[in-house]
Amino acid sequence: MFCIITQLLGISSKLLRTFQPRMRMTNIYEKSINSIKKEFLNFTAPNIPQKKDGSLRHFRFLPKKSIRIRNVNKILIGEPLGFLDFYLKKSIHIRNVNNILTDEPLGLFIQSGNKVIDDFISYTLTNNTKEYGKMMFIPYDKFKNIELIGEGGFSKIYKATWIDCKLYCWILNNSLLNNSETIALKKLNNSKNITSKELNELKIFYHYSSNRKSESFYNSVNDSVNAYYGITQDPVTQDLIFIMPYYNSDLTHYITENFYSIEWRHKMIYLQNVIDGLAKVHDTNIIHRDLHSGNILLNGRYDAANICDLGASKSATENNDNDNEDKNVYGIIPYVAPE
Numbered sequence: 001m002f003c004i005i006t007q008l009l010g011i012s013s014k015l016l017r018t019f020q021p022r023m024r025m026t027n028i029y030e031k032s033i034n035s036i037k038k039e040f041l042n043f044t045a046p047n048i049p050q051k052k053d054g055s056l057r058h059f060r061f062l063p064k065k066s067i068r069i070r071n072v073n074k075i076l077i078g079e080p081l082g083f084l085d086f087y088l089k090k091s092i093h094i095r096n097v098n099n100i101l102t103d104e105p106l107g108l109f110i111q112s113g114n115k116v117i118d119d120f121i122s123y124t125l126t127n128n129t130k131e132y133g134k135m136m137f138i139p140y141d142k143f144k145n146i147e148l149i150g151e152g153g154f155s156k157i158y159k160a161t162w163i164d165c166k167l168y169c170w171i172l173n174n175s176l177l178n179n180s181e182t183i184a185l186k187k188l189n190n191s192k193n194i195t196s197k198e199l200n201e202l203k204i205f206y207h208y209s210s211n212r213k214s215e216s217f218y219n220s221v222n223d224s225v226n227a228y229y230g231i232t233q234d235p236v237t238q239d240l241i242f243i244m245p246y247y248n249s250d251l252t253h254y255i256t257e258n259f260y261s262i263e264w265r266h267k268m269i270y271l272q273n274v275i276d277g278l279a280k281v282h283d284t285n286i287i288h289r290d291l292h293s294g295n296i297l298l299n300g301r302y303d304a305a306n307i308c309d310l311g312a313s314k315s316a317t318e319n320n321d322n323d324n325e326d327k328n329v330y331g332i333i334p335y336v337a338p339e
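339 is the number that the UniProt record's numbering gives the last residue of the sequence shown; the numbers go up by one with no jumps.
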């Protein structure tokens with residue numbers, strides 16, 4: 001953390017010890033959904049195409065908080081919730097669901113076909129009581145203009161356009177998603193035969209989201225900790241892909257390219273974001289274990305910095321069955337604590 005501070009500020013350690021920044025970011029983006037709810041309350045559904053096999057086995061686990069509509073018996077004729085796209089657009093939660101669906105759970109969760117993925121996603125949707133942290137499996141064909149922008153030892157990072165992502169925002173409780181959103185895709189190398197271990201990064205974020213202090217407003221790209229929307233899979237290799245917000249740069253490249261032109265105001269904002277993010281992570285009993293300037297992402301749109309890459313993180317309260325685990329050294333050497 002000390003290296004990050006001195007690198008960002010470009011000042012000596014002596015000056016740093018006498019400086020205590022007290023700037024705070026103010027959330028300015030708010031959105032009311034009351035008007036949208038009123039519109040849906042009087043919504044009348046068109047004729048709904050029937051699914052060929054007449055089942056709902058691909059759609060499960062609709063979050064409890066959603067929008068109810070009237071005259072449900074007139075809408076659900078023949079096959080309940082048979083047309084996924086239609087219901088996903090309206091994010092409908094119907095009344096008296098037990099009278100309509102006797103054998104199938106209500107839902108809009110598209111299953112991936114992989115038990116490890118589906119079990120985890122269903123858990124985030126059904127057990128998370130917070131307004132954030134829920135995830136979904138998104139079909140790969142929902143992403144266009146996929147472009148490779150980075151590559152590491154264990155993964156590749158792509159920039160892509162998520163089409164129709166607004167349809168998922170009610171389930172993800174993320175009002176910032178537009179109809180078409182630029183996002184980042186993190187593909188894990190050789191992850192076709194995944195185990196629960198490969199999902200550690202998402203599990204840590206879910207733990208963070210479930211245990212963080214509630215706020216009146218949540219912004220997934222301005223929370224000081226990188227968010228995750230869900231999972232998709234490469235249709236060819238079947239490699240696991242995490243869906244995340246897109247950021248313009250990371251702190252390493254930003255400082256390298258703009259060192260002499262960075263205003264002190266921006267230095268203070270980014271520094272405060274990093275401090276806030278680290279404090280939030282520690283408040284939920286998570287140890288990052290790989291914090292360096294390359295894992296601090298910058299978003300020019302919101303003028304914000306977010307801590308990312310929780311893949312090496314762990315819960316401080318987690319029991320460790322491997323005695324050698326705590327003896328391992330994690331991170332990039334210049335950023336590793338000397339002790």
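Yeah, the Cβ is synthetic: ideal placement off N, Cα and C, and Gly gets one too.
Using 8 Å for Cβ pairs, my map puts residue i next to residue j. What's the rounded Cβ distance?
i	j	result
T195	T161	Actually they do not touch by this definition, with Cβ atoms about 31 Å apart.
K156	A184	Contact flag wrong, Cβ pair sits at about 11 Å.
A304	N273	6 Å
I243	I138	6 Å
N250	L291	Before going on, a small fix: residue 250 reads as Asp here, not Asn. Not a contact, Cβ separation roughly 12 Å.
Quick check: residue i and residue j, are their CB atoms within less than 8 Å of each other?
i	j	result
S209	K280	no
I163	K142	yes
N299	Y247	yes
H288	I269	no
D283	K186	no
Q140	P235	Reading off the sequence, residue 140 comes out as Tyr, not Gln. In this structure, P235 lies closer than 8 Å to Y140 by Cβ.
For residue i, collect the residues of the same chain with a Cβ closer than 7 Å to its Cβ; drop the 5 residues on either side in sequence, then sort them by chain order.
i	result
L240	L188, S191, I194, E198, I231, Q233
T252	S293, G294
N145	A160, T161
T256	none
I262	none
residue 391	The question about residue 391 has no answer here: the residues shown for the chain are numbered 1 through 339.
Quick check: is any heavy atom of the ligand FMN less than 7 Å from the C-beta of residue i?
i	result
V236	This structure does not include the ligand FMN; it has no bound ligands of any sort.
For residue i, collect the residues of the same chain with a Cβ closer than 6 Å to its Cβ; drop the 5 residues on either side in sequence, then sort them by chain order.
i	result
M135	I121, T124, G230
D276	S224
N211	T284
N96	Low confidence applies here, because N96 scores a pLDDT of 36, under 50, leaving its location unreliable; read the following figure in that light. Excluding residues within five positions, none has a Cβ falling inside 6 Å.
I149	I157, K159
Y254	L298
Q238	K192
K65	Bear in mind that the predicted position of K65 carries a pLDDT of just 34, short of 50, making it unreliable; the figure below should be weighed with that in mind. Correct list: empty, nothing qualifies.
M23	Any reading at M23 must be qualified, since the residue scores a pLDDT of 29, below 50, and its modelled position is unreliable; the value itself is stated next. Excluding sequence neighbours, M23 sits near M268, Q272.
Return the chain-ordered list of same chain residues with a C-beta closer than 8 Å to the C-beta of residue i, the five sequence neighbours on each side being excluded.
i	result
N114	I194, Q233
E151	I157
E147	Y158, K159, A160
D119	none
Bridge partners of residue i, per DSSP?
i	result
S155	L188
K120	Note that residue 120 corresponds to Phe in the displayed sequence, not to Lys. Answer is none; F120 lacks a bridge partner.
T161	K144, T182
M135	DSSP, once it has assigned bridges, lists no residue as partnering M135.
Is there a C-beta anywhere in chain B that falls below 8 Å from the one on residue i?
i	result
K156	Of the chains in the structure shown, none is chain B; there is only one protein chain.
Problem set entry | Residue ranges of each beta strand (DSSP E) within the stretch 264 to 315, 3 or longer | For the stretch 264 to 315, whole beta strand (DSSP E) runs of length 3 or above, ordered along the chain, are 296 to 299, 304 to 307.
Exercise. Mind pulling the beta strand (DSSP E) runs of 3 or more residues that sit fully within the stretch 175 to 262?
Worked result: With a minimum length of 3 residues, the continuous beta strand (DSSP E) runs that stay inside the stretch 175 to 262 are 180 to 188, 230 to 233, 240 to 245.
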